[in-house]
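Engineer: Residues in the sequence shown are numbered from 1414 upward in steps of one, following this note's numbering.
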Amino acid sequence: MKYLQKTLLFAALFALTFSVTAQEKFTLIHKNKNSSALGLKHDLNKVGDTILMTSDKSILRVSFLSHAQKETVMVDLDNKSAKIPLHHLAKGRYTIAVYREDMIIVFDIVRQKEILAVDNSVTDLEESILRSSLSQEEQEKRFIKPLSKSTNKDTRLASNSNINTKNQLSDKEISERDRIKKEREALLEKERAIAKANLLKLQEERAAKQKKEEIAIAEAKKEEELAKQIALKHQEELKLAEENRKKLKEEAEKKRIAEARQKEEEAKRAEIEAAKRATMLAQLEKSKQAKEQSLQKLASNTVKPKKVKYNLTLVNDKSVDVQTREEYRRENLRPNGKPYND
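And the structure:
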């Protein structure tokens, strides 16, 4: 029972350790997501110990820049696919540049954990990449011999250890290999020159495109500014037109009110004049009636004067009736038709 408990505990600890270790990957990759890099597919395998690349155009060269050591290693490939074993690279950050015919595509990787190399593995990065990336037929064309299972020698293509192998070859094979190598180097140099020219052309096109875009942006900003000024001017005109409309409306309203007041005053004056005329007519009518009444009264009270015949040469000897002033005023009216006593 105790043995079973220890076994279960050991299994649990092992599973926990494996889970924690598995959370940290061997390598992290920061892909180039630029649209110009769509022709190169670059990713890690499931384990994370190899970079897998496929390109629609030939990969001429791959360079590795160590951020820690500030050193660059270049490998000539000239193939449309590449497999890069990462056990050659120590932990740290690397910038990988892929040289193609038309451009250079750059991406980063971060080596996080040490990767153990298998037995009899190639210790040289260049040969390891070539053996992993090229087909067997292509390896034979490039005079890359199959690996020996019993030995673990430094098989770097550029190392001095290849001198012994070279001496074992026949003069014809050496001459043929040197010829092929020179032709390939010349071809690679030509392709590099083409790639460099294409890169310069692409940079010039990008610069021209960027300049064109900047000019277009500047023109767009200028047009936008002009449109804003036109819009502001239009708004000011609308505002001025609205103010003028309000002003005309206010003036029209003031004129209407003034005309209404004038009509009202004229109506009042006409009413007053009509009232005055009515009052005058009433007074005239009343005066006419009073005059008629006075005339009627006078007619009723008028004393017929006596016809007296007298001679001024005669002395009043009491034989002539003389009317006194009081009697005349009492019996007659004034010239205006009113009695003398009023």
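A virtual CB, placed ideally from N, CA and C, is assigned to each residue, including glycine.
Treat the numbers as computed from the prediction; the structure is a model and nothing was measured.
Could you check the C-alpha separation between GLU1589 and GLU1602 for me, to the nearest Å?
Structural biologist: Straight-line Cα distance between these residues: approximately 20 angstroms.
Engineer: Can you tell me the Cα-Cα spacing of PHE1439 and PRO1498, whole angstroms?
Structural biologist: Distance between the alpha carbons of PHE1439 and PRO1498 is about 12 angstroms.
Engineer: Here's the rule: buried if 16 or more other CB atoms are within 10 angstroms of the residue's CB, otherwise exposed. What is ALA1608?
Structural biologist: Classification for ALA1608: buried.
Engineer: Per DSSP, LYS1454 forms a beta bridge with which residues?
Structural biologist: Looking at the DSSP assignment, LYS1454 forms a beta bridge with THR1467.
Engineer: Does the count of Cβ pairs from the region 1528–1545 and the region 1481–1494 closer than 8 angstroms reach three?
Structural biologist: With a cut-off of 8 angstroms, the region 1481–1494 and the region 1528–1545 count as touching, because enough Cβ pairs lie within range.
Engineer: Can you tell me the Cα-Cα spacing of ALA1495 and ALA1644, whole angstroms?
Structural biologist: Their backbone Cα atoms lie some 60 angstroms apart in a straight line.
Engineer: For the region 1511–1520 and the region 1462–1475, state whether three or more C-beta atom pairs, one from each stretch, are separated by less than 8 angstroms.
Structural biologist: Yes, the region 1511–1520 is in contact with the region 1462–1475.
Engineer: Does the pairing of the region 1513–1523 with the region 1544–1557 give three or more beta-carbon distances under 8 angstroms?
Structural biologist: Short answer: they don't touch.
Engineer: Distance, Cα to Cα, GLU1678 vs GLU1705?
Structural biologist: GLU1678 and GLU1705: Cα-Cα distance of roughly 39 angstroms.
Engineer: State the Cα-Cα distance for the pair PHE1556 and GLU1550, rounded to the nearest angstrom.
Structural biologist: Looking at the two C-alpha atoms, the distance is approximately 10 angstroms.
Engineer: Identify which residue in PRO1559, LYS1504, LYS1554, SER1479 has its Cα closest to the Cα of ILE1587.
Structural biologist: Ranking PRO1559, LYS1504, LYS1554, SER1479 by Cα distance to ILE1587 puts LYS1554 first.
Engineer: Residues bridged to ARG1506 by DSSP?
Structural biologist: Answer is VAL1523, bridged to ARG1506.
Engineer: Below 8 angstroms on the Cβ atoms is my contact criterion, and I expect TYR1507 with ILE1522 to pass it. Report the Cβ-Cβ distance as a whole number of Å.
Structural biologist: So it is a contact: roughly 5 angstroms between Cβ atoms.
Engineer: Output needed for SER1476: all residues of its chain with C-beta closer than 8 angstroms, excluding positions within five of it in sequence on either side, in chain order.
Structural biologist: Only THR1485, VAL1486, MET1487, VAL1488, ILE1509, ALA1510, TYR1512 meet the Cβ criterion.
Engineer: Pick out whichever of ALA1683, GLU1739, PRO1752 has its Cα sitting closest to the Cα of LYS1710.
Structural biologist: The shortest C-alpha separation from LYS1710 is found at PRO1752.
Engineer: Which complete alpha helix (DSSP H) runs does the region 1467–1499 hold, if anything under 4 residues is left out?
Structural biologist: Segments of the alpha helix (DSSP H) lying fully in the region 1467–1499: there are none.
Engineer: Quick one, are the C-beta atoms of LEU1457 and ILE1464 less than 9 angstroms apart?
Structural biologist: Against a cut-off of 9 angstroms, the Cβ pair of ILE1464 and LEU1457 comes out as a contact.
Engineer: If we ignore side chains and look at the alpha-carbon of each, how far apart do GLU1664 and LYS1681 end up?
Structural biologist: Straight-line Cα distance between these residues: approximately 25 angstroms.
Engineer: Please report the distance separating the alpha-carbon of LEU1639 from that of GLN1623.
Structural biologist: Their backbone Cα atoms lie some 24 angstroms apart in a straight line.
Engineer: According to DSSP, what are the bridge partners of HIS1647?
Structural biologist: The partner list for HIS1647 (beta bridge, DSSP) is empty, contrary to what the question assumes.
Engineer: Roughly how many angstroms lie between the CA atoms of ALA1671 and LYS1652, to the nearest whole one?
Structural biologist: So the two alpha carbons sit approximately 28 angstroms from each other.
Engineer: DSSP on ARG1605, reduced to helix/strand/coil?
Structural biologist: Looking at ARG1605 - three-state DSSP - the assignment turns out to be helix.
Engineer: Residues bridged to LEU1746 by DSSP?
Structural biologist: Bridge partners of LEU1746: PRO1752.
Engineer: Give me the Cα-Cα distance between LEU1451 and HIS1443, rounded to the nearest whole angstrom.
Structural biologist: In a straight line, the C-alpha of LEU1451 is about 14 angstroms away from that of HIS1443.
Engineer: For THR1536, which three-state DSSP category applies?
Structural biologist: THR1536 falls in the coil class under three-state DSSP.
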